[in-house]
DNA sequence: GATGAATGAGATTTCATTCAT
DNA sequence: TATGAATGAAATCTCATTCAT
């Protein structure tokens, strides 16, 4: 396998013709399908190409390495996740802090559980990929959105909003992932999510000054 | 690759002699080394054997499949982690609930961060392994220990101790993993851990009846 | 294709068992066969392995890259060529300068023409290989042998033996190669070789002082 | 790859318009560039087209096969080389034989060294090409020109002018190539060229009858 | 004519696993 | 029992060539 350079992770060329765009989309979709049906270690370039209904050669026109595929997939996923969180943050602007964390938790949990196999596939796809840059970018977008939200809370004010935010985000994202991966029964998972809301609220009350 | 059967995942034979034990240990150590230095996709049987100073043939005496290696590695790790948590749980028996969660968080965080590369290597080794059975067993040991601990709290009593425990464990383990993986700066990570203690205590206060 | 590092050009491991030695020899022989029968651009790793009667995997145990094969082949060839020239140089020690160049020309010409297809195959195999290091080493061995020889000439003495030697070697080797590659008819090539002897002798007479 | 037929080696169509000529020139130039910067095994049709600023499709209008490109390149090169030699031969018509060989050596050496990378690139481009026909044609043009020249020598007359000429040409061209490929230091190469002149003159004197 | 997307055979290379010694 | 040579299926990736737009 060729060494993975940063540059090699971005698509080799942008599709210029309509045909090409369709091809790229088919490849994305096929990647997810293969990840789901065959698992990450059966995610091979030939399999993806076959499932996408294109030749390997075509795939390599757009993704110069296998890694580029997975990278692009994660990029897309984190992109859409960030957008959902930003949307929630905007919607909760000016609400009470309690409602904010509740909305955040729900958004994230839904994002992870609405297509659970996709989530699982993505978690597992990552093993070989250095996606710390992606994560970093994602974290910054999220932090910026949630801090803005928290600062607008109608009922609370925080001395060290950065730390409170970092704590909340770390706890919520970590807990959701863990609940997801522990494969809790549905009612158990729902219970944990409710308790998580409770917990975050108790925390917010403890660290906020009333406005 | 031969299909992975459950039976095939356990070492082919238990080491009976001192020499054999040393060999197996060398193999474990070598696996971690290779994982760290070469990454999971360069974790090959030849490389591990070479690093361990044995021949591939010998390695296959102890681990009938490559998967068995990784499986055994994770088993060992979770085993020792469970033991540490059980120890902590015993030590905190009868303490206040607040001290309990603090001890739990510290134990888990230390376990993850004292050899961070090993932790990272193990996280990454898992991609292709179905380790849900391992996780399940680990979770049960932990739950049983922490529930016993929580029930002995000197200052609190919980209506639904199972749920409270599940919540705490999910939150703590999830948060720790997330803090670890986000690669927070040291002081940030420490801050989050302190806040996590705070948060868990606030939660416990909210859901407990004074004894 | 992986980038060609210098290290990668030497055999990956030395054969330790008799079986392994036989394998390596078979591979060398097969490489020449394929080069001859299929031409350099049909020299593929699979073809060589097949012809050698081993699996590709085995071949890669000994030659980590396709280039390593060709490199080894050239190394072997230049090695034996250098030996022949050294032998000739020793044999002509103390002879007349005229006999020396005659012997040198004959040796080189025979070496090139006794298995002409092999010679041609090797010339063509080189296109992608940076064999300047090999050539350099070869040139030094040859220079050292021929200078020693020339200095011992019974009938001549040279002011600047290094230059005379460099000239002779460059002219002889170049002319032989060119005669070979121009595909002259046999009698034409023989004629040129005889004239070359004549020419070198005339040159030697012109630049030497009688002893 | 389609089998290479002789007919397929000539450009598919002659450029009739100025635009077409420019395109073909750009392709030639690009071929050399790619050969120089990427080496012969990275000489791909796509790369050449890209460097030439045309599409692959367009390139295939002019060169129906990749081989045709290299063939045409060599043809062009040998063509211009032959012309230079013819020019020199005409200029030296009637001069002394000594001046003739001197001029011939200088012409050839300059032709090879004025753009050394191009020379090297061309040498390496040839591996897979059967260019014996080209060489043959080139040799005949050269022979015819140099024989005519030699026959006009003011100071010498040769019994077997064909053989003398063949010898001179083979020696000079072979030596120049070898000096070039051995990568001699500049002063060494210049020295060899001067000695070569000396040598050829000594030879001519030995084989000629004074006129 | 020109373009460049698509093709797919085929090349290189890896690596889990076996088995003769 | 230990060794490590051998295996070969399978993976990644390339590139000459075609052809729809």
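Protein chains in written order, with the UniProt record's numbering: chain A, 1 to 211; chain B, 1 to 211; chain C, 1 to 211; chain D, 1 to 211. All residues carry an ideal CB built from backbone N, CA and C; glycine is no exception.
#1: Cα-Cα, which of 53(A), 55(A), 42(A), 104(A) is closest to residue 194(A)?
#2: Roughly how many whole angstroms lie between the Cα atoms of residue 200(C) and residue 91(C)?
#3: DSSP three-state call for residue 157(D): helix, strand or coil?
#4: Cβ of residue 208(D) within 8 Å of Cβ of residue 132(D)?
#5: State buried or exposed for residue 2(A), treating a residue as buried only when at least 16 other CB atoms are found within 10 Å of its CB.
#6: Verify the CB distance criterion: does residue 135(B) have a CB-CB separation below 8 Å to chain A?
#7: Assign residue 167(B) to one of two classes, buried (16 or more other C-beta atoms within 10 Å of its C-beta) or exposed (fewer than that).
#8: Would you decide whether residue 75(D) is buried or exposed? Buried here means 16 or more other CB atoms lie within 10 Å of its CB.
#9: List the residues of chain B that residue 188(A) touches, going by C-beta distances under 7 Å, in chain order.
#10: Who are residue 208(B)'s beta bridge partners in DSSP?
#11: Cβ of residue 36(D) within 8 Å of Cβ of residue 86(D)?
#12: If residue 69(A) sits next to residue 48(A), beta carbons under 8 Å apart, how far is it from one beta carbon to the other, in whole angstroms?
#13: I want to verify the contact list: residues of chain C whose CB lies under 8 Å from the CB of residue 104(D), in sequence order.
#14: Residue 102(D): buried (16+ other C-beta within 10 angstroms of its C-beta) or exposed?
#15: Is it buried or exposed, residue 160(D), if we count other Cβ atoms within 10 angstroms and call 16 or more buried?
#16: Which residues in the same chain have their Cβ closer than 8 Å to the Cβ of residue 147(B), if we skip the five residues on either side of it in sequence?
#17: If I'm right that residue 128(D) touches residue 41(C) with Cβ under 8 Å, what's the distance once you round it to whole angstroms?
#18: Could you confirm whether any beta carbon from chain C is found closer than 8 Å to the beta carbon of residue 199(D)?
#19: Just to make sure I have the definition right: I need the residues of chain C whose C-beta is within less than 7 Å of the C-beta of residue 39(D). Which are they?
#20: In chain order, which continuous runs of the alpha helix (DSSP H) of length 4 or greater are located wholly inside the stretch 110–167 of chain D?
#21: List, in order along the chain, the chain B residues whose C-beta lies closer than 7 Å to that of residue 171(A)?
#22: Any idea if residue 67(C) is buried or exposed, counting beta-carbon neighbours within 10 angstroms, 16 or more meaning buried?
#23: Given a cut-off of 8 Å on the beta-carbon distance, is the pair residue 59(B) and residue 44(B) in contact?
#24: Straight-line CA distance for residue 145(A) to residue 89(A)?
#25: Taking Cβ positions only, does residue 202(B) come closer than 8 Å to chain A?
#26: Expressed to the nearest angstrom, what Euclidean distance is found between the alpha-carbon atoms of residue 183(A) and residue 79(B)?
#27: Strictly below 9 Å CB to CB, what residues from chain C border residue 47(D)?
#28: Going by DSSP in three states, residue 63(A) sits in which element: helix, strand or coil?
#29: Kindly say whether residue 57(D), judged by its beta-carbon, lies nearer than 8 Å to any beta-carbon of chain C.
#30: Just to make sure I have the definition right: I need the residues of chain B whose C-beta is within less than 7 Å of the C-beta of residue 178(A). Which are they?
#31: Looking at chain B, which residues of the stretch 135–154 of chain A have a Cβ within less than 9 Å of any of its Cβ atoms?
#32: Thinking C-alpha only, which one of 83(A), 203(A), 202(A) is nearest residue 137(A)?
#33: I think residue 119(C) touches residue 180(C), with their Cβ atoms under 8 Å apart; what is that distance to the nearest whole Å?
#34: Suppose you measure from the CA of residue 96(B) to the CA of residue 171(A); what does that come to, to the nearest Å?
#35: So, with DSSP's three-state summary, where would you put residue 96(D)?
#36: Judging by CA-CA distance, which residue of 106(A), 77(A), 114(A), 57(A) is the nearest neighbour of residue 28(A)?
The answer reads as follows:
#1: The candidate whose alpha carbon is nearest that of residue 194(A) is 104(A).
#2: For residue 200(C) and residue 91(C), the distance between alpha carbons rounds to 19 Å.
#3: Strand at residue 157(D).
#4: Between residue 208(D) and residue 132(D), the C-beta gap is not smaller than 8 Å, which leaves the two residues out of contact.
#5: No answer about residue 2(A) holds up, because its pLDDT of 47 lies below 50 and its placement is not dependable.
#6: Output row for residue 135(B): interface = yes.
#7: Result: buried.
#8: By the 10 Å Cβ count, residue 75(D) comes out buried.
#9: In chain order: 166.
#10: Residue 208(B) is bridged to 158(B).
#11: Residue 36(D) places its beta carbon 8 Å or farther from that of residue 86(D).
#12: So it is a contact: roughly 7 Å between Cβ atoms.
#13: Near residue 104(D) there are no residues of chain C at all, since even the closest Cβ is about 14 Å away, more than 8 Å.
#14: The residue is buried, with at least 16 neighbouring Cβ atoms inside 10 Å.
#15: Burial is judged here by how many other beta carbons sit within 10 angstroms of a residue's own beta carbon; residue 160(D) has fewer than 16 and is exposed.
#16: Same-chain partners within the cutoff: 161, 162, 165.
#17: That belief holds up - the Cβ atoms of residue 128(D) and residue 41(C) are roughly 4 Å apart, short of 8 Å.
#18: Judged by the 8 Å Cβ criterion, residue 199(D) is in contact with chain C.
#19: Here the neighbours are 128.
#20: You should have 116–125, 132–151.
#21: 171, 175, 196, 199, listed in chain order.
#22: Residue 67(C) should be labelled buried.
#23: It is not a contact, given that the beta carbons lie outside the stated cut-off.
#24: Approximately 6 Å, taken between the alpha carbons.
#25: Yes - at least one Cβ of chain A is within 8 Å of the one on residue 202(B).
#26: Roughly 20 Å between the two C-alpha positions.
#27: Within chain C, not a single residue places a beta-carbon under 9 Å from that of residue 47(D); the smallest gap is close to 15 Å.
#28: Coil, per DSSP.
#29: Among the CB atoms of chain C, none fall inside 8 Å of the CB of residue 57(D).
#30: Proximity of chain B to residue 178(A) at the Cβ level (cut-off 7 Å) is accounted for by 170, 173, 174, 177, in chain order.
#31: Answer in chain order: 135, 136, 139.
#32: Per the Cα distances, 83(A).
#33: Here residue 119(C) really is in contact with residue 180(C); their C-beta atoms are around 7 Å apart, less than 8 Å.
#34: Each residue's alpha carbon lies about 23 Å from the other.
#35: Reduced to three states, the DSSP call for residue 96(D) is coil.
#36: Of 106(A), 77(A), 114(A), 57(A), the smallest CA-CA separation from residue 28(A) is found for 77(A).
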